[in-house]
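S.K.: Numbering (the working numbering), first residue to last: 173 to 268.
Just dropping this structure here.
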Amino acid sequence: MMLIQCPWCGKRDENEFVCGGTTHIARPPSAVTDAVWGAYLFFRENPKGVHLERWRHTWGCGQWFNAARHTVTHEILAVYRMSDPVPDLSAGGAAS
Ligand SMILES: [Zn+2]
173 MMLIQCPWCG KRDENEFVCG GTTHIARPPS AVTDAVWGAY LFFRENPKGV HLERWRHTWG
233 CGQWFNAARH TVTHEILAVY RMSDPVPDLS AGGAAS
């Protein structure tokens, strides 16, 4: 069982959370081609390594937040609020 750090509630069981997919995706302006719009809607990177994701503490406080998760080890390197900038991950430390 994995513990996930909610920025508001602290460490909780993974069963209380839902992953919302890739975060920091910029919505294109309305006047774009169908190909650009389709790419925005349907195509996401699937990296082997650190992935920035949206998570929701659905069965807790209900808040959305961002997490930097390693897709191979599932280690969560950092969690941060939606309004916060991406933290510096170069130190490689795990979220506390
Ligand atoms: Zn919470």
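All C-beta atoms in this analysis are idealised placements derived from N, C-alpha and C, irrespective of residue type, glycine included.
Less than 7 Å separating the Cβ of H242 from some heavy atom of ligand 1?
M.R.: To locate residue 242, count along the sequence shown from 1; it is residue 70. No; taking the cut-off as 7 Å, the Cβ of H242 has no heavy atom of ligand 1 nearer than that.
S.K.: Going by C-alpha to C-alpha distance, which of D260, A263, R253 sits closest to T195?
M.R.: Position 23 of the sequence shown holds residue 195. Comparing Cα-Cα distances from T195 to each of D260, A263, R253, the minimum goes to R253.
S.K.: Hey, is the segment 238 to 250 in contact with the segment 221 to 228, meaning 3+ C-beta pairs nearer than 8 Å?
M.R.: The answer is yes - the segment 221 to 228 touches the segment 238 to 250, with three or more Cβ pairs under 8 Å.
S.K.: Starting from the C-beta of G182, find all residues in its chain whose C-beta is less than 6 Å away, skip the five residues before and the five after it, and write them out in chain order.
M.R.: Within the sequence shown, residue 182 is the residue found at index 10, counting from 1. Cβ within range, chain order: n/a, list empty.
S.K.: Counting only beta-carbon atoms, is R228 nearer than 8 Å to chain B?
M.R.: The chain inventory of the structure shown lacks chain B, comprising one protein chain alone.
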